[in-house]
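In our numbering, the protein residues as written are 274 to 555. Think of the CB as a built atom: it goes at the ideal place given N, C-alpha and C, for glycine as much as any other residue. Working notes, beginning with the structure itself.
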C-alpha cells in the first residue's frame, strides 16, 4: 500500500473540548471505521491524550498525540494543528492554559448578545449542558443548544445565522499569535499544520502572506483532505501544498455523530501527488 493511501485521521475532537464522545469512545469509533493512524486534536487542550493513547493501544491502532490551537492572524481566527507532540512540554501546557483563559467571559457575552439581539434567553445555561470541560465552552456548545430549542435545524445553520462574524451571537476573542502557536508546537517536538485552510475568508494576497509567514516560522504542512473542505478543494489545496513546499495532512475534523460532515475514517485518500505528513512517522 502506498503511504498516501493510509487511512490516517489526524484531526478529531472529544468531549474534552467540543466533541461529544470520550477519547476512548472516539478511539473505538475510529478503529471500527478502519482508521490505521489516529490523532486526537482537541482545541487548546491536551488532557484527553492519555486516555486516547491507552485506548488506541488496546485496539491495536497507531496513535499520534495532537492538539488544535486557536490563533488570531490579521484579525481572523485560524486553527493550527500540532501533531506528534510531547503533551507534557511545559511551554505548550502553559501556552494552552493562557489561550483557554477568557472563554467563560466570552461565552457570557455571547449569551447576552443572543438575548438582546435575538430574544434567545438562557443560552449560557443551555450551552453548559453540552460542555464536558468548563474551561473550553465554545460556539459549538451554543450551536447544539440552539438546535435543541429549534432556533435552527442544524449546527451549521446556527453558525451561519447566529454565530458567524456580524451575526447576533458573535463575540470575537483574542487568541494566541501564529508565532506563539508554532513555537509551542515545535518546542514540544511536534509537526505544525494549518487546519482546513479552505475555511478561511482570506484574499489570495493575504493567503500568500499567511502561508509565507507560516513557513518562515517553521510550519511544515497543511490539511488538504479534510471534512471541512469540499471535494474540489482536496485537489486545490494539494496543489497549494506543492506550491509552498508543504506536506499534506488528512483529517475528518470529527466532533459528533449527529453533526459530522464526514464520519471519522471515511475521508477519501490523499491525491497521489500529495506528500503525506506522516511519511516520517510510519
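message: If contact is defined by three or more beta carbon pairs under 8 Å, each pair taking one atom from either stretch, is the segment 380-394 in contact with the segment 481-494?
response: Contact between the segment 481-494 and the segment 380-394 is absent, because fewer than three Cβ pairs lie under 8 Å.
At least 3 beta-carbon pairs within less than 8 Å: the segment 358-369 vs the segment 468-482: The segment 358-369 makes no contact with the segment 468-482, as fewer than three CB pairs between them are under 8 Å.
- prompt: For the candidate residues 526, 335, 480, whose alpha-carbon lies nearest to that of residue 347?
  reply: As a working mapping, residue 347 is identified with position 74 in the chain shown. Ranking 526, 335, 480 by Cα distance to residue 347 puts 480 first.
field: Separation of residue 298 from residue 513, as counted between CA atoms
entry: Reading the chain shown from its first residue, position 240 is the one you call residue 513. Reading the chain shown from its first residue, position 25 is the one you call residue 298. Inter-residue distance for residue 513 and residue 298 is about 34 Å (C-alpha atoms, whole angstroms).
field: Unbroken beta strand (DSSP E) run spanning residue 539, endpoints
entry: Position 266 of the chain shown, counting from 1, holds the residue named residue 539. Note, residue 539: premise wrong, no beta strand (DSSP E); not H, not E.
task: Measure the C-alpha to C-alpha separation of residue 456 and residue 360 and round it to an integer number of angstroms.
output: The sequence position of residue 456 within the chain shown is 183, counting from 1. The sequence position of residue 360 within the chain shown is 87, counting from 1. The alpha-carbon atoms of residue 456 and residue 360 are separated by roughly 14 Å.
field: Beta-carbon proximity check, residue 444 vs residue 383, cutoff 7 Å
entry: The residue labelled residue 444 in the question sits at position 171 within the chain shown. The residue labelled residue 383 in the question sits at position 110 within the chain shown. Result yes, Cβ atoms of residue 444 and residue 383 sit closer than 7 Å.
- prompt: Comparing alpha-carbon positions, which option in 364, 421, 433 lies nearest residue 317?
  reply: Stepping through the chain shown from its first residue, residue 317 is reached at position 44. Taking only the C-alpha atoms, the option nearest residue 317 is 364.
- prompt: Within 7 Å (strictly less), CB to CB, does residue 404 reach chain B?
  reply: No chain B appears in this structure, which consists of one protein chain only.
query: Of all the options 350, 413, 493, 554, which has the alpha carbon lying nearest to the alpha carbon of residue 446?
result: Here the question's residue 446 lines up with position 173 in the chain shown. In terms of CA proximity to residue 446, 350 leads the group 350, 413, 493, 554.
query: Run through DSSP, which three-state label would residue 355 get?
result: One-based indexing of the chain shown puts residue 355 at position 82. In the structure shown, residue 355 sits in a strand (DSSP, three-state: E or B).
query: Beta-carbon separation of residue 550 and residue 278 under 7 Å?
result: Residue 550 sits at position 277 when you count from the first residue of the chain shown. Residue 278 sits at position 5 when you count from the first residue of the chain shown. No; because the gap between Cβ atoms is not below 7 Å, this pair is not in contact.
- prompt: Just reading off the alpha helix (DSSP H) that residue 340 is part of, what are its end residues?
  reply: Here residue 340 corresponds to residue number 67 of the chain shown, with the count starting at 1. First-last for residue 340: 335-346, but that is the beta strand (DSSP E), not the alpha helix (DSSP H).
- prompt: residue 485 lies in the alpha helix (DSSP H); which residues open and close that run?
  reply: As a position in the chain shown, residue 485 is number 212, starting the count at 1. Note, residue 485: alpha helix (DSSP H), 477-490.
task: Give the DSSP-derived three-state secondary structure of residue 523 in the structure shown.
output: For the purposes of this step, residue 523 is taken as residue 250 along the chain shown, with counting starting at 1. Residue 523: strand per DSSP, three-state reduction.
field: Extent of the continuous beta strand (DSSP E) run through residue 310
entry: Along the chain shown, one-based indexing puts residue 310 at 37. In this chain, the beta strand (DSSP E) harbouring residue 310 covers 310-313.
- request: Going by DSSP, name the residue or residues bridged to residue 553.
  value: What you label residue 553 is simply residue 280 of the chain shown in a count that begins at 1. As computed with DSSP, residue 553 is found in no beta bridge at all.
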